[in-house]
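Chains as they are written, first to last, in our numbering: chain A, 1 to 379; chain B, 1 to 254.
This is the structure we're talking about:
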């Protein structure tokens, strides 16, 4: 729209002893420059009239910018006790203004955003931490109860969906787990090779990679990948269902969302995680093998035998136990954040992010605890 | 129908999803300042027609003219400019859920006008007051009722003073009194601001109380089977499909 506007103007005139009249002229439109409201307030302060009327014969055109100006004036007049006479206004503007004033503002609806003091904020955070701990405990309890019902055959368990979830947590994750694990194996071998070569002990690269993957890195990397891949997906799925009231629909049908949505996801991940971990272990050892035979010129058989001697079955067992624990943690973090999700698009994104953060923190903390326990019992 | 130049002209419009034709050979015009009703049974393509009119879906054949401009034959910038002059109230309100009501209404104002913060605040207060939501500026869509969400959606649709307002099932999900109020609001906006209004609905009460022109789409015939003033259609139509629809199978009388 290429318009040429007559400048929007107003003049305040004294019409009689106590009343003032505002003459509007020009185009009062959104695209035009409208004089600031404060200038009118200043003029009214100088006049101090008991009432204001309007003359709009010189008003060329108007849209809601004009209405907004009038509404602000109307509210100013009300608070300053000035009578507001709408007779002179254009017919349409008068009716729209009445409409805007028609529904009185609901008392107590308006919110005041105050700045909270530090004590209040510390208190808020403390309360939030306690509430969070409580909800995690409740959630865990609900899952255990649901698992109990599943074992005794009283749960509504979606076997079909469960199959798809197992496929998604398992087979579909293999490519990314392969890539990351081979690279981690390579990196471990490189780091070790540089140091061990100084002592002529390059053969121990096999021990380093084998033990490192089996006890730690296989389980850890598989879990981190699954936290980013599947944990976030769980949170987003359940969060979107929360937004669409799908979870409410399940509850009102008497179907527990924990049994129907959360339990299959946790089970799928717990079942698949040790398998992924074992696969990651083997891929990592293969990565170390590439460095050992390619860069350090170790004979193929020697590397193989050295790895066999270094890594006993109990090392794999430690890794597998860890991975099962990580599976529970990642799936629970994803489902918990999804179930806690608010009802907006942003809340879904937030739930996915928090699921990943919670999942990875839980993995590392659990890993530390398990490692200490293994040390104590001497596994 | 009120007299005046045609605002929207639909010529030989065919709508299809892939090979499935929804409606064909639609011909009607909407005069400036009309309240035009698109009616028909469920699944007849009313909402699809709306999607074509507001530029979300390209027609399989035919033309849609806004004034003298052929919408779908125009380059992107022209289409954008036309779309900016439309306001649309979606069925569920379609408010952006991560923004407050004030931010929802302010977004188009911030993007398309040069108004400063304070003036935008005044405009937002006006629009929300017009739909009866004064004081709810800082609420998020999830915190208010469905009817309020719908009204807030209308406030957002009116943010840029559109020349044409589209309503998709405005009274769906509203109680009779709220629905009546929304109808009154539509009439008032149409009358005071001269806005052309297009309403997709099958609510008989709305159709008769606000419609000045209408087109009736039929799912079986895959085209429109009537057009004109809904009250006259109800009084004079001999087509059984239309009579049954407009009288709710002979149980509703104007």
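C-beta: ideal position from N, C-alpha, C; glycine also.
Closer than 7 angstroms at the beta carbon, the chain B residues around residue 99 (chain A): 130, 188
Quick one: does residue 74 (chain B) have its CB under 8 angstroms from some CB of chain A? no
Taking Cβ-Cβ distances shorter than 9 angstroms, what residues in chain A pair up with residue 161 (chain B)? 29, 30, 63, 64, 65
Just curious, the beta strand (DSSP E) that residue 309 (chain A) is in, first and last residue? That residue, residue 309 (chain A), is in no beta strand (DSSP E); its alpha helix (DSSP H) goes 300-310.
Under 8 angstroms: do the segment 132-139 of chain A and the segment 179-194 of chain A share three or more Cβ pairs, one atom per stretch? no
Please give the ranges of any alpha helix (DSSP H) in the segment 69-127 of chain B, keeping only runs that are unbroken, at least 4 residues long and fully inside the region. 76-84, 101-112
Anticipated Cβ contact below 8 angstroms, residue 268 (chain B) with residue 171 (chain B), distance rounded: Given that chain B is displayed from residue 1 to residue 254, the structure contains no residue 268 (chain B) and the question cannot be resolved.
So residue 10 (chain A) and residue 35 (chain A) are supposed to be a Cβ contact under 8 angstroms. How far apart are they, rounded? 7 angstroms
So which residues on chain E does residue 272 (chain A) lean against when the C-beta distance must stay under 9 angstroms? In summary, chain E is missing from the structure at hand, where the protein chains are A and B.
Rounded to whole angstroms, what is the Cα-Cα separation between residue 92 (chain B) and residue 343 (chain A)? C-alpha separation (whole angstroms): 14 angstroms.
Does DSSP classify residue 52 (chain B) as helix, strand or coil? helix
Chain A contact for residue 113 (chain B) (CB, 8 angstroms cutoff): For residue 113 (chain B), a Cβ of chain A is located within less than 8 angstroms of the residue's own Cβ.
First through last residue of the alpha helix (DSSP H) which encompasses residue 273 (chain A): Where residue 273 (chain A) is concerned, the enclosing alpha helix (DSSP H) stretches over 263-294.
So residue 48 (chain A) is in the beta strand (DSSP E); what residue range does that whole segment cover? No beta strand (DSSP E) contains residue 48 (chain A), which DSSP labels as neither H nor E.
From residue 258 (chain A) to residue 310 (chain A), what does the alpha carbon distance come to, in whole angstroms? Straight-line Cα distance between these residues: approximately 43 angstroms.
Where the beta strand (DSSP E) through residue 6 (chain B) begins and ends: 6-17
So, using beta-carbon positions, are residue 15 (chain B) and residue 60 (chain B) closer together than 8 angstroms? yes
With a threshold of 16 other CB atoms inside 10 Å of the CB of residue 52 (chain B), please say whether the residue is buried or exposed. buried
Selection of the segment 138-154 of chain B by Cβ proximity to chain A, strictly under 8 angstroms: Only those residues of the segment 138-154 of chain B whose C-beta falls short of 8 angstroms from the nearest C-beta of chain A are listed: 138, 139, 140, 141, 142.
Using only the alpha-carbon positions, how far apart do residue 324 (chain A) and residue 154 (chain A) sit? 25 angstroms
CB contact flag (residue 26 (chain B), residue 223 (chain B), <8 angstroms): yes
Under 7 angstroms from the C-beta of residue 136 (chain B): neighbouring residues of chain A: Within 7 angstroms Cβ-Cβ: 109.
Ends of the beta strand (DSSP E) at residue 81 (chain A)? Careful: residue 81 (chain A) lies outside any beta strand (DSSP E) and carries neither H nor E.
Residues, ordered as in the chain, of the segment 67-100 of chain B that lie near chain A by beta-carbon distance below 7 angstroms: 97, 98
Run down chain A in chain order and give the residues with a C-beta less than 8 angstroms from the C-beta of residue 103 (chain B). Under the 8 angstroms cutoff, chain A gives no residues; its nearest Cβ is about 12 angstroms from residue 103 (chain B).
Where does residue 359 (chain A) land, buried or exposed, given buried means 16+ other C-beta within 10 angstroms? buried
Contact set between the segment 70-100 of chain A and chain B, restricted to residues whose Cβ is under 7 angstroms from the partner: 71, 72, 92, 95, 96, 99, 100
Element boundaries [alpha helix (DSSP H), containing residue 227 (chain B)]: Note, residue 227 (chain B): premise wrong, no alpha helix (DSSP H); beta strand (DSSP E) at 223-227.
Within its chain, find whatever has a CB closer than 8 angstroms to the CB of residue 1 (chain A); leave out the 5 residues flanking it on each side and keep chain order. At residue 1 (chain A), the pLDDT of 44 sits below 50, so the modelled position is not reliable and the matter cannot be decided from this model.
Locate the alpha helix (DSSP H) running through residue 204 (chain B), then write down its first and last residues. Unbroken alpha helix (DSSP H) run through residue 204 (chain B): 204-210.
How many angstroms separate the CA atom of residue 291 (chain A) from the CA atom of residue 367 (chain A)? 27 angstroms
Is the segment 73-85 of chain B touching the segment 211-226 of chain B, taking contact as three or more C-beta pairs under 8 angstroms? no
Taking Cβ positions, are residue 44 (chain B) and residue 219 (chain B) nearer each other than 8 angstroms? yes
For a cutoff of 8 angstroms on Cβ pairs, would you count residue 116 (chain A) as touching chain B? no
Residue-chain proximity (residue 344 (chain A), chain B), Cβ-Cβ < 8 angstroms: Against chain B, the CB of residue 344 (chain A) has a partner CB under 8 angstroms away; the residue lies at that interface.
Using 8 angstroms as the threshold, is the C-beta distance between residue 168 (chain B) and residue 47 (chain B) below it? Against a cut-off of 8 angstroms, the Cβ pair of residue 47 (chain B) and residue 168 (chain B) comes out as a contact.
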